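Q: Chains as they are written, first to last, in this note's numbering: chain F, 1 to 228; chain E, 229 to 374; chain W, 375 to 810.
Where is the CB? At the ideal position from N, CA and C, for every residue including glycine.
Every value quoted in this text rests on a predicted model; they were computed, and no experiment measured them.
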Amino acid sequence: MPKWGMAADLDTCTGCGACVTACHAENNISTVGPDQAARGRAKHWIRVERYWEGTFPDVRVKFRPVMCQQCDQAPCEPVCPTYASHHTENGLNAQVYNRCIGTRYCANACPYNARFFDFFNPSWDKPLHLQLNPDVSLREVGVMEKCTFCVQRIKAATSAAKAEDRPIEDGDVTTACAQACPANALVFGDLNDPESRVSRLARSARGTRLLEDLGTQPNVTYLSRQTV
Amino acid sequence: MQAAGVAPEDITVLTAYPMEWFAFFRRDAQSRMWWIACLGGLIGLASASALLWVAETSWPMNVGGLPVFAWWPNLIIMFELTMLGAILATVVTLAVTARLGRRTRLYDPAVADGQILVGVEHPSNELLPAVTRALEVPVGADVKRL
Amino acid sequence: MSAAHQQVTHDLLRPLFHTTWRFFLLVAVFGTIVVFGLSAWATQAYNGFGVTGITWPVFWGSYVTSFVFWIGISHAGTLISAILRLVDAGWRRPVTRCAEAITAFALMIGAMFPIIHLGRLWLAFWLAPYPNDRFLWPNFRSPLVWDFFAINTYLAGSVLFLFLPMIPDFATVRDRSTGFRRRVYGLLALGWRGSPKQWHRLETAMSIMAVAIIPVAVSVHTIVSFDFSMAPVPMWQSTIFGPYFVAGAIFSGIAGLIIAMEAIRRFLHLQAYLLPIHFDNLGKLLLLMALLWGYFVFNERLVTYYGNQPSEMAVFWRTQRESFAPLYWTMVTGNFVLPLILLGIRRFRTIGGCVIASLGVVMGMWLERFLIIVPSLGHKYLPYSHGSYEPRPIEFVVAGSTFAAMTLLYVIFAKLVPIISIWELKAGASGEAGHS
């Protein structure tokens, strides 16, 4: 049974935002338009957080791609009254859109603010409506959505491996964001496989986890920047 | 009245408000209502436990690493349903023992004005004169046949 | 004695039998506002939740504030009435029914808000544990499900607690009316006659209900506070929230009761029954709760300040002296300074003083819940995701119309039911006479 995880190398991340675009395309995330985005209602399942350190002119910029951390002890799960948010056997923090009634409690409980709400029914500017991914369901108004670690790709790869009667191997499946990352800063894989790339990165001395002190046990490892 | 030969349980007394300081009012003061309320609470507790057991074993889902049968949250549900059971049992007992919802028998709207109604339901013919005489004794009494 | 009783019955039944133009005016005005609010809600349901000001990352706003507020208001009635019944405080008699009615109506309104604030309100029934072919049940580990059970228990208990002592009064109305009204009240009176057995059973039932409803009331607002304290949000995760919320609920509830009593006294001309002593007693209770509330706030603030956790301190300073400071200090004025002056100094503790202090408390307690919810959610851990929230007009319409709904329900209730319990008042008066 794999346990899916990710590693993000902050040293190589250039903050280009390719992951954000790829995620939107892969997961049928509707765009909300400039007005709603200005009010903070943009839905970026993965976002690149930018932080500036120091005072001008001695300024350093830091990038940090943040997506759902797929916590082992996720605060968003127990608060959901309908089990729309729950944990799967392979360590994913699942969100069942059809079961969601929109209390938005999970979004409040999430310390990473990685959950997004559909304030209106989804719409796409033409011709974007022609590029929807048939493997991903559309979310109607009033439900929460968030990064799924591209669960549709995981399912497809698992089925393919099963059809060939072999265990799923490292590299069989990757997420849209990791695939799109030009700097290879994002690495996706099975944390239960000690030889996988993500496992080795997760054990790295540079590895930290976001807001680890809250006890959420995230499955995303951030490799801190080496001081230059 | 009792001297006239009417058994105490046949005498009907109706008042507009409780009058604890009259002897007749102490009748029927004993009741098992508290015990029935406790029983209702136990039924509520049992149904809460059953509900939780069925619900949590039919889909033993992992949420945030909490145990499937989590005691602390379940205690809350159990407490609420226990109290609900006690309250409903009390109300049902009240309705049954106070014979609410039955068709009105001996009654006079003057009770609502503060009069005290003292009477006998369906007195047998031989008792009737004695009852009437006994009821006429207090000053200001108004004997009616309803 | 009998003449006095006739007078009591006459006075208290007058609003039921004599309808003035003022009743129709009140119903028309408040009914219009309620219809306006309902249409605003329908607009929101039709267009999507986006018409409100809620936004990432502040996913709860004025609706949840109003939810906690109304559930808080509901704590006046049944809880206070139950306590006063248990200690057999004689002065409670004219007060209990108006208080219990507040509970029933405030709970109904409060319980609407979780549904109003749902993203998909047409699926709200999924919160209920009903048998279904896939054995899908609600998640009993979610505080919202605890809410569902607690509020429904409390609502059922409060409505029954309100209804039981009304039965003898319904019988009185039945005996005094004719025609259609007589049949309706006859049905409501459930064949009440007033035999000693019935009185004993009713009084025993009321004692049991009083004992049962007090822990339920305390549990309800504790569980409402769990909605916040169970989530890892700065300034929410606090062990003090349970008692703090219960105290705040009773506090705002008493304030609501004082305002309602004054309105009843004026509109129904019951100056002979709701006396300055009642306001004085409730004013003292309000003062006590103001001190208790101040004590809890002091605890909450001091412990946070001393603990000095960065994420909590950010929220702390936001309310104490940054963007939310004006609201915060308005709240402290309304909840603490104003009641202390108006109720602590005997000269100001008149009916007018009590009502002004109560208005301050009601406003302050709404702000208190707002200040617990919004600054924390807008200022969680990652600085990138800090944000803010401002209610939109539609939220003001919906939240404001619930005040109209409360008034409307109360006006209609006072029209249909003697707002002061006739038999309890008589029993109280005769009890004193009988013992002396």
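Can you list, in chain order, the residues of the stretch 564-576 of chain W whose Cβ is nearer than 8 Å to any Cβ on chain E?
A: Answer in chain order: Leu564, Gly565, Trp566, Arg567, Gly568, Ser569, Pro570, Lys571, Gln572, Trp573, His574, Arg575, Leu576.
Q: Measure the alpha-carbon distance for Leu294(E) versus Leu280(E) and round it to whole angstroms.
A: Along the second sequence, read from residue 1 onward, the residue named residue 294(E) stands at position 66. Along the second sequence, read from residue 1 onward, the residue named residue 280(E) stands at position 52. Each residue's alpha carbon lies about 15 Å from the other.
Q: With distance defined between alpha-carbon atoms, name the residue in Ala94(F), Val66(F), Phe149(F) nearest to Pro75(F).
A: Position 75 of the first sequence holds residue 75(F). When the alpha-carbon of Pro75(F) is set against those of Ala94(F), Val66(F), Phe149(F), the nearest one is in Ala94(F).
Q: Taking the CB atoms as reference points, tell me whether Ala456(W) and Leu322(E) lie closer together than 8 Å.
A: Here residue 456(W) corresponds to residue number 82 of the third sequence, with the count starting at 1. Here residue 322(E) corresponds to residue number 94 of the second sequence, with the count starting at 1. No, they are not a contact pair.
Q: Using the C-alpha atoms, what's the distance from Ala402(W) back to Met67(F)?
A: Locating residue 67(F) in the first sequence gives position 67, counting from the first residue. Locating residue 402(W) in the third sequence gives position 28, counting from the first residue. One C-alpha to the other measures close to 53 Å.
Q: Report yes or no: is there a C-beta of chain F within less than 8 Å of the C-beta of Leu309(E)?
A: Along the second sequence, read from residue 1 onward, the residue named residue 309(E) stands at position 81. Output row for Leu309(E): interface = no.
Q: Would a check of beta-carbon distances place Thr693(W) closer than 8 Å to chain F?
A: In the third sequence, the residue the question calls residue 693(W) occupies position 319. Not one chain F Cβ lies under 8 Å of Thr693(W).
Q: My output table needs one value for Arg200(F): the three-state DSSP class, helix, strand or coil.
A: Position 200 of the first sequence, counted from the first residue, corresponds to residue 200(F). It is helical.
Q: Around the C-beta of His643(W), are 16 or more other C-beta atoms found within 10 angstroms, so that it is buried, or is it exposed?
A: Reading the third sequence from its first residue, position 269 is the one you call residue 643(W). Burial call: exposed.
Q: Give the single residue among Thr552(W), Ser551(W), Tyr559(W) whose Cα lies nearest to the Cα of Phe544(W).
A: Translated into positions along the third sequence, residue 544(W) becomes position 170. Answer by Cα proximity: Tyr559(W).
Q: At which residue ranges does the stretch 255-334 of chain E contain complete alpha helix (DSSP H) runs of 4 or more residues, listed in the order of the chain?
A: 261-286, 299-325
Q: Using only the alpha-carbon positions, how far apart do Val96(F) and Leu400(W) sit?
A: For the purposes of this step, residue 96(F) is taken as the residue at position 96 of the first sequence. For the purposes of this step, residue 400(W) is taken as the residue at position 26 of the third sequence. Roughly 47 Å between the two C-alpha positions.
Q: Please list the residues of the stretch 295-307 of chain E that have a C-beta atom closer than 8 Å to any C-beta atom in chain F, keeping them in chain order.
A: none
Q: Going along the chain, which residues of its own chain have a beta-carbon closer than 7 Å to the beta-carbon of Val772(W), five neighbours each way excluded?
A: As a first step, residue 772(W) is located in the third sequence; it is residue number 398 there, counting from the start. Gly411, Ala414, Trp415, Ile490, listed in sequence order.
Q: In chain F, what lies closer than 8 Å to Val282(E) by C-beta?
A: Counted from its first residue, the second sequence places residue 282(E) at position 54. Those within 8 Å of Val282(E) in chain F number zero; the least Cβ separation is about 15 Å.
Q: How many Å lie between Trp691(W) and Val706(W) at the Cα?
A: Residue numbering aside, residue 691(W) sits at position 317 when the third sequence is read from its first letter. Residue numbering aside, residue 706(W) sits at position 332 when the third sequence is read from its first letter. Taking C-alpha positions only, Trp691(W) is separated from Val706(W) by approximately 15 Å.
Q: How many whole angstroms separate the CB atoms of Pro488(W) and Phe535(W), which I take to be in contact at a CB cut-off of 8 Å?
A: The residue labelled residue 488(W) in the question sits at position 114 within the third sequence. The residue labelled residue 535(W) in the question sits at position 161 within the third sequence. Approximately 23 Å separates the beta-carbon atoms of Pro488(W) and Phe535(W); this is outside 8 Å, ruling out the contact.
Q: Determine whether the Cβ of Tyr232(F) lies closer than 8 Å to any Cβ atom of chain E.
A: Because chain F in this structure spans residues 1 to 228, residue 232(F) falls outside the shown range and cannot be described.
Q: By DSSP's criteria, Val48(F) is part of a beta bridge. Which residues make up the other side?
A: In the first sequence, counting from the first residue as 1, residue 48(F) sits at position 48. DSSP lists Pro65(F) as partners of Val48(F).
Q: Taking only beta-carbon positions, decide if Pro288(E) is within less than 8 Å of chain W.
A: On the second sequence, position 60 is the one that residue 288(E) refers to. Not one chain W Cβ lies under 8 Å of Pro288(E).
Q: When DSSP labels each residue in this structure, what does Phe625(W) get in the three-state scheme?
A: Residue numbering aside, residue 625(W) sits at position 251 when the third sequence is read from its first letter. For Phe625(W), the secondary structure class from DSSP, reduced to helix, strand or coil, is helix.
Q: Return the first residue and the last residue of the alpha helix (DSSP H) that Arg396(W) is part of.
A: Here residue 396(W) refers to the residue found at position 22 of the third sequence. Unbroken alpha helix (DSSP H) run through Arg396(W): 395-421.
Q: Can you tell me where the beta strand (DSSP E) holding Ser593(W) begins and where it ends?
A: Counting from one through the third sequence, the residue named residue 593(W) turns up at place 219. Where Ser593(W) is concerned, there is no enclosing beta strand (DSSP E), although the alpha helix (DSSP H) it sits in stretches over 570-603.
Q: Can you tell me which of Asn98(F), Val151(F), Ile168(F), Leu138(F) puts its alpha carbon nearest to the alpha carbon of Gln91(F)?
A: Looking up residue 91(F) in the first sequence gives position 91. Just to set this straight, residue 91(F) is Gly in the shown sequence, not Gln. The option with the nearest alpha carbon to Gly91(F) is Val151(F).
Q: For a contact defined as C-beta to C-beta under 9 Å, what are the partners of Leu279(E) on chain W?
A: By one-based count along the second sequence, residue 279(E) stands at place 51. In chain order: Pro503, Trp511, Phe514.
Q: Looking only at DSSP bridge pairs, what is Trp797(W) linked to?
A: Within the third sequence, the letter at position 423 stands for residue 797(W). Bridge partners of Trp797(W): none, in fact.
Q: Helix or strand or just coil, what does DSSP make of Gly808(W)?
A: Within the third sequence, residue 808(W) is the residue found at index 434, counting from 1. Unreliable positioning characterises Gly808(W) in this predicted model, as indicated by a pLDDT of 46, which lies under 50. The coordinate reading is nonetheless provided below. Correct three-state label for Gly808(W): helix.
Q: What do you get for Lys146(F), buried or exposed, if any count of 16 or more other CB atoms within 10 angstroms of its CB means buried?
A: Counted from its first residue, the first sequence places residue 146(F) at position 146. Looking at its Cβ environment, which holds 16 or more other Cβ atoms inside 10 Å, Lys146(F) is buried.
Q: Just the chain F side, please: which residues come within less than 7 Å of Phe433(W) by C-beta, in chain order?
A: Translated into positions along the third sequence, residue 433(W) becomes position 59. Going along chain F in sequence order, the residues near Phe433(W) (Cβ under 7 Å) are Arg104, Ala107, Asn108, Phe117.
Q: For Asn513(W), count neighbouring Cβ atoms within 10 angstroms of its own Cβ and tell me buried if that reaches 16, exposed if not.
A: Looking up residue 513(W) in the third sequence gives position 139. Asn513(W) is buried by the Cβ-count criterion.
Q: Which residue or residues does DSSP assign as beta-bridge partners of Tyr222(F)?
A: Start at 1 with the first residue of the first sequence, and residue 222(F) comes out as number 222. Tyr222(F) pairs with Ala8(F), Thr208(F).
Q: Would a check of beta-carbon distances place Asp385(W) closer than 8 Å to chain E?
A: By 1-based counting over the third sequence, the position of residue 385(W) is 11. False, the Cβ-Cβ gap to chain E never drops below 8 Å.
Q: Tell whether a beta-carbon distance below 8 Å holds between Pro65(F) and Cys13(F).
A: Numbered from 1 along the first sequence, position 65 holds the residue referred to as residue 65(F). Numbered from 1 along the first sequence, position 13 holds the residue referred to as residue 13(F). Contact flag set, yes.
Q: Give a yes or no on whether 8 Å exceeds the smallest Cβ distance from Asp172(F) to chain E.
A: As a working note, residue 172(F) is residue 172 in the first sequence. Taking Cβ atoms only, chain E never reaches closer than 8 Å to Asp172(F), which makes this a no.
Q: Given a threshold of 16 other Cβ atoms within 10 Å of its Cβ, counted over all protein chains shown, does Glu615(W) qualify as buried or as exposed?
A: Taking the third sequence and counting its residues from 1, one reaches residue 615(W) at position 241. Note that residue 615(W) corresponds to Phe in the displayed sequence, not to Glu. Around the beta-carbon of Phe615(W), 16 or more other beta-carbon atoms lie within 10 Å, marking it buried.
Q: Near Arg555(W), what residues of its chain come up, given a Cβ to Cβ distance below 7 Å and the 5 sequence neighbours on each side ignored?
A: Counted from its first residue, the third sequence places residue 555(W) at position 181. Correct list: empty, nothing qualifies.
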